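Just below is one structure, and these are the notes that go with it.
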Amino acid sequence: MKEKMYLSTRGNQQPLNFYEAILQGIGSDGGLLVPDFKVDKKDLKELLDLHYIDLATEIISTFTPDDVKEDIRQLCKSAYGTGLFPENVVPVEKAGDVYITELFQGPTAAFKDMALSLLPYFMTFSLKQKGEEREVMILAATSGDTGKAALEGFKDVEGTSIKVFYPIDGVSPVQKQQMVIQTGHNVDVIGIRGNFDDAQTAVKKAFNSQELKDLCEQHHVFLSSANSINIGRLIPQIVYYFYSYLTLVKNKEIELGEEVNFTIPSGNFGNCLAGYIAKNMGLPIQRFIVASNKNNILTDFFNTGRYDANREFYKTNAPAMDILVSSNLERLVYFLCEDASLVKKYMDQLNETGVYEVDDDVFKKVQRYFTAGYLDEDKVLEVVGQCYRDTGYLLDTHTAIGYGVYKQYQKETNDQTKTILLSTASPYKFPGSVYQAISGEKLDEYKAVEALNKKTNVSVPKPLQGIDKREVLHTKVIDKESIIDFIGEQIKEL
437 MKEKMYLSTR GNQQPLNFYE AILQGIGSDG GLLVPDFKVD KKDLKELLDL
487 HYIDLATEII STFTPDDVKE DIRQLCKSAY GTGLFPENVV PVEKAGDVYI
537 TELFQGPTAA FKDMALSLLP YFMTFSLKQK GEEREVMILA ATSGDTGKAA
587 LEGFKDVEGT SIKVFYPIDG VSPVQKQQMV IQTGHNVDVI GIRGNFDDAQ
637 TAVKKAFNSQ ELKDLCEQHH VFLSSANSIN IGRLIPQIVY YFYSYLTLVK
687 NKEIELGEEV NFTIPSGNFG NCLAGYIAKN MGLPIQRFIV ASNKNNILTD
737 FFNTGRYDAN REFYKTNAPA MDILVSSNLE RLVYFLCEDA SLVKKYMDQL
787 NETGVYEVDD DVFKKVQRYF TAGYLDEDKV LEVVGQCYRD TGYLLDTHTA
837 IGYGVYKQYQ KETNDQTKTI LLSTASPYKF PGSVYQAISG EKLDEYKAVE
887 ALNKKTNVSV PKPLQGIDKR EVLHTKVIDK ESIIDFIGEQ IKEL
């Protein structure tokens, strides 16, 4: 059987096997790693009655060597079957005519748990398979949720250390508190004076820095990523698309084989890209509805084919989507054009001018599968309030953007295809905004938690209970220009 290999979207990376792709994290040429093999279509009937762990095993093993399927099952059990998630892992609820997949039931109350609970197991398994003895330094940039989920996943994992960079004024108070109270002997949380794009750009540059490569060589360290630039982040996310769909079939909401739409709140585009891969694996998805906040660079791309990062950056009440550099869009462009040289040309243009525009053939494919919209901050609050009044369902600000953009789409197109909305976070991650939306009253974040619980009877997730009383363990703050130097100093200390 031919080994499954991974290549870079930009075409100048030697082929890597699964373990090497997980550990390296990003292409040596700055591109993102993608499968260099045809992904088999799945028989939905065979998947229909599987528990989440068994479904994850079937989906994920499509991307791994054929002889480790039972190992993958054990990794999935470790990630999803140890009491950190509910029994069915991903509940699917209903709000009016919208089906809502609750991806926030894990250890940090955000959808990033779905992949970052499993990625550390991928890493340690890959280290073992490769006989790797160097220390792994995990680098992660976060706009709020990746950071905590990665810290929680990698804390005290042998052979690894993790450095998380977050914009000090670009995450919610609850998100920040979750990170700065993080325990673990191998974790480090660093605030930066800058935005998420500054942190993400620096992390990507770190992997191609010759100076850091030399330091890594001297100190027996190698760098890897916990961001969705790592293919190990994307693969687990494919699973919940299948699980959501099959739940609707089992609940007799749809027939097996019936097409659905998915609505995805999106910033860095990894969540949505996982759905596109699911579609290519045979999941009957008619259309992806991509929802953005006021930083609506993705909306403009899907409507025009032009990606233009030369625009004002906004801090909003949906901070995890305050992004202008949507890394995973590069993978989508590669899948649609299947031409690494063309992708490299686009990415070079983006780096040099801040802009690229896909050709007509690629844009036609974009329009065939994707629709996009956005909401400004006032509209976000309006949607949270309206949905709660109409349906009794309490949305966080990011999921509200998905709900509101879907309602706009439904009104404009009269498309009655049943639609699944991926809910990305608990409303208690952004309690001030959510409470304001349903009550009209502004409160301090932690007072808002109590008031929100009292008003709605929606339970506060266990990971968020009492976090304001916990000791702050991480206080480092650096300038965005210092990130590469900081990483270099950390390599020397390992």
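Everything in the sequence shown is counted per the working numbering, starting at 437 for the first residue and increasing by one.
No residue lacks a Cβ here, since even glycine has one placed at the ideal position from N, Cα and C.
Bear in mind that the values here come from a model prediction, so they are computed numbers and not experimental data.
{"Query": "Collapsed DSSP secondary structure at Ala-576 in the structure displayed", "Result": "strand"}
{"Query": "Met-783 - DSSP class collapsed to helix/strand/coil", "Result": "helix"}
{"Query": "Lys-649 in three-state terms, based on DSSP", "Result": "helix"}
{"Query": "Cα-Cα separation between Val-497 and Leu-765, rounded to whole angstroms", "Result": "Going by the sequence as given, residue 497 is Ser instead of Val. Approximately 24 Å between the Cα atoms of the pair."}
{"Query": "DSSP bridge partner residues for Ile-598 (one or two, in chain order)", "Result": "Ile-574 and Val-623"}
{"Query": "Bounding residues of the alpha helix (DSSP H) (the contiguous stretch that carries Tyr-829)", "Result": "From DSSP, Tyr-829 is part of no alpha helix (DSSP H); its letter is neither H nor E."}
{"Query": "Cutoff 6 Å; reference Ile-667; Cβ partners in own chain excluding five residues on either side", "Result": "Ala-457 and Leu-469"}
{"Query": "Sequence-distant residues of the same chain with beta carbon closer than 6 Å to Tyr-455, five excluded per side", "Result": "Ser-562, Gln-565 and Lys-566"}
{"Query": "Inter-residue Cα distance where the pair is Glu-877 and Glu-813", "Result": "16 Å"}
{"Query": "Residues near Asp-744 by beta carbon distance below 6 Å, same chain, minus five either side", "Result": "Val-791"}
{"Query": "Continuous alpha helix (DSSP H) stretch holding Lys-530: start and end", "Result": "Taken as a continuous stretch (DSSP letters only), Lys-530 belongs to no alpha helix (DSSP H), being part of the beta strand (DSSP E) at 528-531."}
{"Query": "Unbroken alpha helix (DSSP H) run spanning Gln-450, endpoints", "Result": "Taken as a continuous stretch (DSSP letters only), Gln-450 belongs to no alpha helix (DSSP H), as it is neither H nor E."}
{"Query": "Cβ-based neighbour list, Met-573, same chain, cut-off 6 Å, excluding 5 preceding and 5 following", "Result": "Ser-597, Val-657 and Leu-659"}
{"Query": "Unbroken beta strand (DSSP E) run spanning Tyr-679, endpoints", "Result": "Where Tyr-679 is concerned, there is no enclosing beta strand (DSSP E), although the alpha helix (DSSP H) it sits in stretches over 667-686."}
{"Query": "CB contact flag (Pro-867, Ala-884, <7 Å)", "Result": "yes"}
{"Query": "Buried/exposed call for His-834, threshold 16 Cβ in 10 Å", "Result": "buried"}
{"Query": "Sub-7 Å separation of Thr-537 and Leu-858 beta-carbons", "Result": "yes"}
{"Query": "Beta-bridge pairing of Thr-860 - partner residues as DSSP gives them", "Result": "Paired residue(s): none; Thr-860 is not in a bridge."}
{"Query": "Residues that Ala-546 bridges to, as DSSP identifies them", "Result": "Ala-861"}
{"Query": "Between the CA atoms of Lys-438 and Pro-755 - distance to the nearest angstrom", "Result": "43 Å"}
{"Query": "The segment 644-654 in contact with the segment 768-780 per 3-pair CB rule at 8 Å", "Result": "no"}
{"Query": "8 Å Cβ shell around Gly-693 - same chain, five flanking residues per side excluded", "Result": "Leu-480 and Pro-720"}
{"Query": "Boundaries of the beta strand (DSSP E) in which Pro-867 is found, first to last residue", "Result": "Note, Pro-867: premise wrong, no beta strand (DSSP E); alpha helix (DSSP H) at 867-875."}
{"Query": "CA-to-CA distance, Leu-459 to Glu-571, given in whole angstroms", "Result": "11 Å"}
{"Query": "Nearest residue (CA-CA) to Lys-890, options Ile-874, Ile-914, Leu-452 and Asp-502", "Result": "Ile-874"}
{"Query": "Reduced DSSP secondary structure (H/G/I, E/B, other) of Ser-702", "Result": "coil"}
{"Query": "Integer Cβ distance of Lys-584 from Gln-614, believed to fall under 8 Å", "Result": "4 Å"}
{"Query": "Exposure label - Ser-608; buried when at least 16 CB within 10 Å", "Result": "buried"}
{"Query": "Same chain, Cβ closer than 6 Å to Asp-915, five either side skipped, listed in chain order", "Result": "Arg-629"}
{"Query": "Sheet register partners of Val-744 (DSSP bridge)", "Result": "Note that residue 744 corresponds to Asp in the displayed sequence, not to Val. DSSP, once it has assigned bridges, lists Val-791 as partnering Asp-744."}
{"Query": "Same chain only: Cβ atoms within 7 Å of Gln-872, ignoring 5 sequence neighbours per side", "Result": "Leu-817 and Lys-878"}
{"Query": "Beta strand (DSSP E) segment containing Thr-853, residue limits", "Result": "It is not in any beta strand (DSSP E) - Thr-853 carries neither H nor E in the DSSP assignment."}
{"Query": "Check whether Thr-699 and Ile-725 have beta carbons under 7 Å apart", "Result": "yes"}
{"Query": "Distance, Ala-887 Cα to Gly-467 Cα", "Result": "46 Å"}
{"Query": "Ser-954 versus Ala-586, Leu-760, Leu-786 and Asn-787, residue with shortest Cα-Cα distance", "Result": "Given a span of 437 to 930 for the chain in the structure shown, any question on residue 954 remains unanswerable."}
{"Query": "Backbone CA spacing between Leu-930 and Gly-703 [nearest angstrom]", "Result": "33 Å"}
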